[in-house]
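As structure tokens, the structure follows; a few thoughts come after it.
Numbering (the working numbering), first residue to last: 15 to 543.
In structure tokens form, the structure reads like this:
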């Protein structure tokens with residue numbers, strides 16, 4: 015028997031982007047640090063694509079202004095007593111932006127398409143693991159028809175999970191699980207996301223896409239709640255250079271930017287306090303080891319590199335934006351505890367770092383040499399230079415290599431790196447959102463890390479029948495990866511944004527990186543701060 019349950023949890027992932035056309039009433043223009051690699055939610059990998067797709071599509075659940083999951087295309091849902099079967103009841107009268115009806119068959123097609131090895135390119139396809147037979151289907155070991163999803167009637171969609179997943183309603187709020195327009199995809203193939211071809215079901219629909227310049231989405235009159243969407247359009251403009259983004263914002267050509275040069279923080283506090291938005295996020299900056307590389311298979315080497323870094327210097331002297339130094343992957347708040355002090359990079363930590371390197375066979379006659387890859391950014395460069403100097407103090411030689419964001423993302427996915435800088439965001443307020451980056455055989459695991467004890471702890475957490483038991487197993491999983499030094503955390507990220515005063519509906523209590531434009535409005539014409 016199925017029982018109704020209203021369960022809510024927080025979400026996170028990525029940053030709102032974009033902008034142009036100054037002076038347009040009813041249009042919000044925001045800038046983000048990269049270009050969408052695709053607007054197909056089930057193909058895209060780059061974070062800016064998620065930002066756009068989040069406004070173009072609506073899943074069974076969706077995100078409110080605070081980043082919390084609320085009912086979307088579904089008007090209600092039921093969960094079986096064992097937590098395995100989720101039954102979603104679609105709202106009546108749902109249609110695509112072209113007016114064609116949406117039924118449970120569209121969700122069935124979408125989930126199966128995401129699980130199909132021929133489609134699954136995005137790291138978020140790893141969430142298919144949560145569904146019964148999902149992992150086997152992703153690996154090509156079982157046919158797509160064996161995935162644990164069903165459409166017993168036009169307005170009922172069922173998902174059978176591999177194990178109870180209390181945050182599943184958050185997962186299906188992401189556009190990767192939104193319905194996909196099969197009739198359009200089959201008509202246009204890979205060109206279905208081009209302006210004029212693309213059909214979606216969210217509050218906005220694609221109007222224009224000029225690569226390197228802008229993506230523009232206009233209000234979708236066929237959206238189920240179109241009357242409550244205040245904006246006429248949203249523009250997303252890729253601006254990789256932080257100084258350029260700041261200049262555009264100051265000139266009134268952008269209504270919001272998702273980052274700014276860290277050295278401008280104090281000036282902004284004095285001169286633009288009403289536009290400056292600093293708030294906690296669910297993200298961490300990490301250096302990721304390539305565990306396929308023989309140098310990094312030795313945990314002594316990984317630990318030595320971590321001990322040599324003075325994270326307090328990085329956050330206080332270089333980044334200077336309120337980020338919290340950490341040597342733990344998962345923010346302490348997600349375990350309900352206070353953050354611990356970080357003392358690496360000084361005194362006894364440096365002595366231990368040198369000892370571990372010597373024990374691993376490295377020293378003056380045979381120094382450890384590593385390459386650190388990061389995407390082009392003055393801030394990331396400054397951090398990398400500082401870390402290289404800290405490693406040099408314990409006898410490690412570092413080659414620094416930078417490239418454009420998309421080049422780094424491709425190299426990371428292909429395992430073409432030794433150590434790479436990454437920003438990892440949890441899509442929900444739960445440690446599992448971070449552990450997913452290190453799970454064996456997950457497409458989100460670019461590091462190649464694998465530990466049977468870690469997997470076993472996560473499996474026990476999955477099967478736990480109480481919140482306390484689950485949290486104990488997740489804490490054990492954390493202890494395992496920390497003891498292994500599976501990854502090199504640097505600091506917990508604070509979201510750094512500038513938002514024009516004319517923008518209404520921007521919530522600082524949203525810890526996610528997604529700010530759905532559906533909940534925003536603008537007043538008056540753009541003006542300089």
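Glycine residues also receive a C-beta, built at the ideal position from the N, C-alpha and C atoms.
Legend entry - Residue of 58, 443, 474 and 302 minimising C-alpha distance to residue 181: On the chain shown, residue 181 is found 167 positions in, with the first residue counted as 1. Taking only the C-alpha atoms, the option nearest residue 181 is 443.
Inset, instruction - Can you say whether residue 438 is buried or exposed, counting buried as having 16 or more other CB atoms within 10 angstroms of its CB? - result: Your numbering for residue 438 matches position 424 in the chain shown. Under this definition residue 438 is a buried residue.
Inset, instruction - Only counting runs of 4 or more residues, tell me where the alpha helix (DSSP H) segments fall wholly within the stretch 249-312, in order along the chain. - result: If we require 4 residues or more, the alpha helix (DSSP H) runs fully inside the stretch 249-312 come out as 256-264 and 279-285.
Inset, instruction - Leaving aside the five residues before and after residue 213 along the sequence, list all residues of the same chain whose C-beta is less than 7 Å from its C-beta, in chain order. - result: Taking the first residue of the chain shown as 1, we reach residue 213 at position 199. In the same chain as residue 213, and ignoring 5 residues on each side of it, the C-beta atoms closer than 7 Å to its own belong to 110, 111, 112, 195 and 198, in chain order.
Legend entry - Cα-Cα separation, residue 317 to residue 445: Mapped onto the chain shown, residue 317 falls at position 303. Mapped onto the chain shown, residue 445 falls at position 431. Computed Cα separation, rounded: 22 Å.
Inset, instruction - Keeping to the same chain, check which residues put their C-beta closer than 7 Å to that of residue 209; ignore five residues upstream and five downstream. - result: The sequence position of residue 209 within the chain shown is 195, counting from 1. Excluding positions up to five away in sequence, the list reads 220, 221, 222 and 223.
Inset, instruction - Within the same chain, show all residues whose beta-carbon is closer than 8 Å to that of residue 487, passing over the 5 residues directly before and after it, in chain order. - result: One-based indexing of the chain shown puts residue 487 at position 473. In chain order, 471, 472, 474, 475 and 478 place their CB closer than 8 Å to the CB of residue 487, counting only its own chain and leaving out the 5 sequence neighbours on each side.
Inset, instruction - Within the same chain, show all residues whose beta-carbon is closer than 6 Å to that of residue 436, passing over the 5 residues directly before and after it, in chain order. - result: Numbered from its first residue, the chain shown carries residue 436 at position 422. So the qualifying residues of the chain are 300 and 302.
Inset, instruction - Report, in whole angstroms, the separation of the C-beta atoms of residue 399 and residue 319, which I expect to be a contact under 8 Å. - result: The residue given as residue 399 occupies position 385 in the chain shown. The residue given as residue 319 occupies position 305 in the chain shown. Not confirmed; about 16 Å, so no contact.
Legend entry - Residue closest to residue 177, alpha-carbon to alpha-carbon, out of 428, 100, 297 and 497: Counting from one through the chain shown, the residue named residue 177 turns up at place 163. Here the closest residue by C-alpha is 100.
Legend entry - Classification of residue 166 by the beta-carbon crowding that lies within 10 angstroms, buried from 16 upward: Position 152 of the chain shown, counted from the first residue, corresponds to residue 166. So residue 166 counts as exposed.
Inset, instruction - Measure the alpha-carbon distance for residue 96 versus residue 391 and round it to whole angstroms. - result: Counting from 1 along the chain shown, the entry for residue 96 is found at position 82. Counting from 1 along the chain shown, the entry for residue 391 is found at position 377. So the two alpha carbons sit approximately 48 Å from each other.
Legend entry - Helix, strand or coil at residue 446 [DSSP, three-state]: Taking the first residue of the chain shown as 1, we reach residue 446 at position 432. In the structure shown, residue 446 sits in a helix (DSSP, three-state: H, G or I).
Legend entry - Boundaries (first-last residue) of the beta strand (DSSP E) holding residue 125: In the chain shown, the residue the question calls residue 125 occupies position 111. Per DSSP, residue 125 belongs to no beta strand (DSSP E); it is in the alpha helix (DSSP H), 118-129.
Legend entry - Local conformation of residue 37 per DSSP, three classes: For this step, residue 37 is matched to residue 23 along the chain shown. Note that residue 37 scores a pLDDT of 38, beneath 50, so its modelled location is shaky and nothing firm can be said.
Inset, instruction - Go ahead and label residue 466 buried or exposed: buried means 16 or more other beta carbons lie within 10 angstroms of its beta carbon, across all protein chains shown. - result: To locate residue 466, count along the chain shown from 1; it is residue 452. Classification for residue 466: exposed.
Inset, instruction - Could you tell me which of 369, 460 and 190 sits nearest to residue 129, measuring between CA atoms? - result: Position 115 of the chain shown, counted from the start, is the residue given in the question as residue 129. Closest in C-alpha terms to residue 129, from the list 369, 460 and 190, comes 190.
Legend entry - the stretch 486-502 / the stretch 344-352 touching (three or more Cβ pairs under 8 Å): Result yes; three or more Cβ-Cβ pairs closer than 8 Å.
Inset, instruction - Using only alpha-carbon positions, find the residue among 205, 170, 233 and 340 that is nearest to residue 92. - result: On the chain shown, residue 92 is found 78 positions in, with the first residue counted as 1. That would be 170, whose Cα lies nearest to the Cα of residue 92.
Inset, instruction - Report yes if the C-beta distance between residue 304 and residue 501 is below 9 Å; otherwise report no. - result: As a position in the chain shown, residue 304 is number 290, starting the count at 1. As a position in the chain shown, residue 501 is number 487, starting the count at 1. Not closer than 9 Å, so no.
Legend entry - Whole-angstrom distance between residue 362 and residue 407, CA atom to CA atom: For this step, residue 407 is matched to residue 393 along the chain shown. For this step, residue 362 is matched to residue 348 along the chain shown. Taking the CA atoms as reference points, residue 407 sits about 14 Å from residue 362.
Inset, instruction - Name, in chain order, the residues that DSSP records as bridge partners for residue 380. - result: As a first step, residue 380 is located in the chain shown; it is residue number 366 there, counting from the start. Here residue 380 is bridged, per DSSP, to 377.
Inset, instruction - Would you mind sorting residue 330 into buried or exposed? The rule is 16 or more other CB atoms within 10 Å of its CB. - result: Locating residue 330 in the chain shown gives position 316, where the first residue counts as 1. Classification of residue 330: exposed, given that the 10 Å Cβ count is below 16.
Legend entry - Uninterrupted beta strand (DSSP E) stretches inside the stretch 452-522 (no shorter than 3 residues): Counting whole runs of 3 or more residues, the stretch 452-522 contains the beta strand (DSSP E) stretches 502-513.
Legend entry - Backbone CA spacing between residue 371 and residue 498 [nearest angstrom]: The residue you call residue 371 lines up with position 357 of the chain shown. The residue you call residue 498 lines up with position 484 of the chain shown. Answer to the nearest angstrom: the Cα atoms are 15 Å apart.
Legend entry - Residue interval of the beta strand (DSSP E) (run including residue 171): Here residue 171 corresponds to residue number 157 of the chain shown, with the count starting at 1. 170-174 is the extent of the beta strand (DSSP E) around residue 171.
Legend entry - Segment limits, beta strand (DSSP E) that includes residue 426: Within the chain shown, numbered from 1, the residue matching residue 426 stands at position 412. Element bounds for residue 426: not the beta strand (DSSP E) but the alpha helix (DSSP H), 419-427.
Legend entry - Helix, strand or coil at residue 45 according to DSSP, with G and I counted as helix: In the chain shown, residue 45 corresponds to position 31, counting from 1. In the structure shown, residue 45 sits in a strand (DSSP, three-state: E or B).
Legend entry - Proximity winner among 503, 430, 334 and 428, relative to residue 510 (alpha-carbon distances): The residue you call residue 510 lines up with position 496 of the chain shown. If we check each option's Cα against that of residue 510, 334 comes out closest.
Legend entry - Sub-9 Å separation of residue 151 and residue 102 beta-carbons: The sequence position of residue 151 within the chain shown is 137, counting from 1. The sequence position of residue 102 within the chain shown is 88, counting from 1. Result no, Cβ atoms of residue 151 and residue 102 do not sit closer than 9 Å.
Inset, instruction - Use the C-beta contact count for residue 315: other C-beta atoms within 10 angstroms, 16 or more gives buried, fewer gives exposed. - result: Stepping through the chain shown from its first residue, residue 315 is reached at position 301. Residue burial is scored here from C-beta neighbours: residue 315 has at least 16 other C-beta atoms within 10 angstroms and is therefore classed as buried.
Inset, instruction - Could you name each continuous alpha helix (DSSP H) segment of 4 residues or more that falls completely within the stretch 334-378, going from the start of the chain to the end? - result: The stretch 334-378 contains these whole alpha helix (DSSP H) runs: 362-373.
Legend entry - Closest Cα partner of residue 389 within the set 215, 47 and 43: Against the chain shown, residue 389 aligns to sequence position 375. Out of 215, 47 and 43, the CA that lies nearest to the CA of residue 389 is found in 47.
Legend entry - DSSP three-state assignment for residue 239, whether helix, strand or coil: For the purposes of this step, residue 239 is identified with residue 225 of the chain shown, where counting begins at 1. DSSP places residue 239 in coil when its eight states are reduced to three.
Inset, instruction - List the residues that DSSP assigns as beta-bridge partners of residue 222. - result: One-based indexing of the chain shown puts residue 222 at position 208. Per DSSP, 230.
Inset, instruction - Leaving aside the five residues before and after residue 514 along the sequence, list all residues of the same chain whose C-beta is less than 6 Å from its C-beta, in chain order. - result: If you number the chain shown from 1, residue 514 lands on position 500. Closer than 6 Å at the Cβ level, and outside the excluded window around residue 514, lie 269.
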